[in-house]
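Count along the sequence shown from 1, add 7, and you get the number used in the numbering used here.
Every residue, glycine too, gets a C-beta built ideally from N, C-alpha and C.
See structure below.
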Amino acid sequence: MKDALRPTDDQFHQVLQENFQPLVSQIPPFLGAGVSFDERASFACETKAKGCLVVNGRSTWRTSKGPCDLPSRVLPKQISLAVGSPLPVRLSEDSPFSDWPGVCGLSHYDKGNYLSVLYLAWAYIFSARWVELLNWSAGHECCIRYTAQGVERLLPKEKRSVTQIDIGDDACEDEVLWWRNTLSDDGWEATTTYNDQVYLSPWSVSTKDIGISPALSTNPFQDTKARSDPPLSTTALNYLSRFCVRHRLYAQCSAALAAVLYIPFLTGRTVSLPFPKPPPDRPECTDDFPPPIPDLLTSHHALLPKYMTLSSNTWGLRSLLHSTFFNPSIECNLVSAWLNPAFAVLDSISHDKTSLSKFLATRSPRLGILWLGAILTGLDASILRDTRTGLSALDLAASAWTQTSQTFLTSGIGDTKHSESINRADECRLLFISAFERNHSRPPVWAWTPFGETRLCDAEISVRKHTQCPYDTHCLEYESWEWMLDSGRTTPAALCDYKYDFLSQDLSECATRGIFGWLRSAGYPASERRIYQHEWIDLEDTDEEGEDEDEDVRTDGGREGGSILERDVGCWVDGIAQ
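Right, here's the structure in full:
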């Protein structure tokens, strides 16, 4: 029998998901970080061209919300796990944001330019976290170490132009050593050995003669033989946090992190970053309410496994940038009219990276930070070129994780039950969710909505079948992501990533008891017996108290004074009124 007060499981989970999605990222943590394993998991890995390693996963999509038993669609996907070579990094005076433009509303912050320093620090932190997470996978032997080449280059064998970076006189020896190796040429290496093959972290970088080193007041080359192990990601993040606080770096820190997300994307290329430019004087704190820089870094570290999944999904990153120009209401034969005005503006500002970043962030505020990272690493030109020529990238998983619209497929399906024709967009949707043949087993790469209608007699059999389903039965809605294991089993990545009791209905109970207490302050009618005897309303069984069924039941369930919670709430309200 249906519960008199509690919602059904479907109702509860529907509201939970609808409210959860806008508030927290749906990106699954890298390799199921945060999920408890009974033993070391053995993830399903494959070797690809150029010495790269990928890990298999899959997303599940609901296709029916009603009586139709159409099964869910399961879409396999491969995520970059390791690479064969690092990304070359060089410094250039012509790099984007060589002169940091600043951020409106953040005065006395981000003076000078430390983007390259922050970029190299974040690359290490991502790689260190990669080692920590991949160590849980059976078959992988992971490590991060300072390289002999990097240590040797710490010694001043020859005079050369070097930019000194102030890390503070109070930095400990391990902190100094970390900065030396992070800023030196190829000073560290994060690797995994899998099937007797050595692979690198996807966020590995290779620097040559960049000429950056920490400025030290004491002899920086003493005790070079006594080298400690490289720090964990949390320790390295603390070093970075101290550096950002010292130099009041807030926006630049997040911009550099966004740029690091594209390291796997840029495989086979070279990234050019601006030379560091320390300000003439250390910035002083003049704001009454300065942004909490340590809190920003702590938040980034908590989200690091999610950033890693997003970054490793290189096609997904491309699809997010392409989605900036997508509009599901624009039909395919009107794409030119939709895009031409945007590119007329872009052509006039493309040389000015500051104006370009403002334009793209204004057009798609949720993706503004991703565009900033793309511009910083020089990816913007190729992305905009592809979009201009009509090319698009579609990644349904990335679209769901970030709640961005990339295709008309995920829009709702109209009512076709009593019609002799079907909207072509709905025809495509039904064809994709119901057909498992080769022609339609994959979503169309063309994201724009088809125009017009098709007579039902001309549609595929599977389409005609499901047009007879009740309205609002069919959909394409993201349900979950799973990492594949060698055994054929999977590891879920769901709400369990958050340490919170999402299934608790205590708040619902309190709200229900409160409103019914107001509504039935004079007593309950006999017809609502199942409500007033419900444990949410009457925590003591009224039948056991021998009360007459026809007797009016007060909101306190026969208990004088009401519950402790009700008395506490009443005192709180009285206090506010006073």
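| Asked | Found |
| --- | --- |
| Check each candidate in Thr409, Ser362, Asp402 and name the one with the smallest Cα separation from Asp387. | Ser362 |
| Along the chain, where does the alpha helix (DSSP H) containing Thr369 start, and where does it finish? | 360 to 370 |
| What residue from Ala222, Pro301, Gly218, Thr241 has the CA that sits closest to Leu256's CA? | Pro301 |
| Could you tell me the distance, in whole angstroms, from the CA atom of Pro29 to the CA atom of Thr409? | Low confidence applies to Pro29: its pLDDT is 37, below 50, so where it sits in the model is not reliable, and the reading given next is rough at best. Taking the straight line from one Cα to the other gives about 9 Å. |
| With DSSP as the reference, identify every bridge partner of Met491, one or two as the case may be. | Thr497 |
| Hey, out of Asp106, Asp433, Glu516, whose CA is closest to Pro457's CA? | Asp433 |
| If you draw a straight line from the C-alpha of Phe439 to the C-alpha of Trp143, how long is it? | 37 Å |
| To which residues of the same chain is Gln171 closer than 7 Å at the C-beta, ignoring the five residues directly before and after it? | Ser220, Ala222 |
| Measure the C-alpha to C-alpha separation of Trp345 and Val62 and round it to an integer number of angstroms. | 38 Å |
| Tell me which residues share the same chain as Leu77 and place their Cβ nearer than 8 Å to its Cβ, disregarding the 5 neighbours each side in the sequence. | Thr70, Ser71, Ile440, Ser441, His473, His481 |
| Is DSSP giving Lys72 helix, strand or coil here? | coil |
| Do you know how far the Cα of Thr331 is from the Cα of Val31? | Bear in mind that the predicted position of Val31 carries a pLDDT of just 36, short of 50, making it too unreliable to give a figure here. |
| May I ask you to report which of helix, strand or coil DSSP gives Leu60? | strand |
| Ala197 to Val138, Cα distance in whole Å? | 7 Å |
| Locate the beta strand (DSSP E) running through Lys84, then write down its first and last residues. | 80 to 89 |
| Is there contact between the segment 96 to 106 and the segment 270 to 284, where contact requires at least three CB pairs shorter than 8 Å? | yes |
| Less than 7 Å between C-beta atoms, sequence neighbours within five positions excluded: which residues of the same chain meet that for His307? | Leu264 |
| Quick one: Cα of Ala11 to Cα of Glu542, how far? | 10 Å |
| Could you check the C-alpha separation between Leu273 and Thr423 for me, to the nearest Å? | 46 Å |
| For Val352, which residues in the same chain have their Cβ closer than 8 Å to its Cβ, ignoring the five residues on either side in sequence? | Phe366 |
| Can you list, in chain order, the residues of its chain whose CB lies under 6 Å from that of Cys260, leaving out five sequence neighbours each side? | Leu125, Cys251 |
| Apply the 10 Å Cβ neighbour rule to Ile270 and answer buried if 16 or more other Cβ atoms are within range, or exposed otherwise. | buried |
| Can you name, in chain order, every residue of its own chain whose Cβ lies under 6 Å from the Cβ of Lys55, other than the five neighbours on each side? | Val61 |
| According to DSSP, simplified to helix, strand and coil, what is Phe50? | strand |
| Have a look at Arg325, Ile390, Ser326 and flag the residue whose alpha-carbon is nearest the alpha-carbon of Ser357. | Ile390 |
| Beta-carbon within less than 7 Å of Ala40's beta-carbon, same chain only, minus the 5 sequence neighbours each way: which residues are those? | Leu140, Pro312 |
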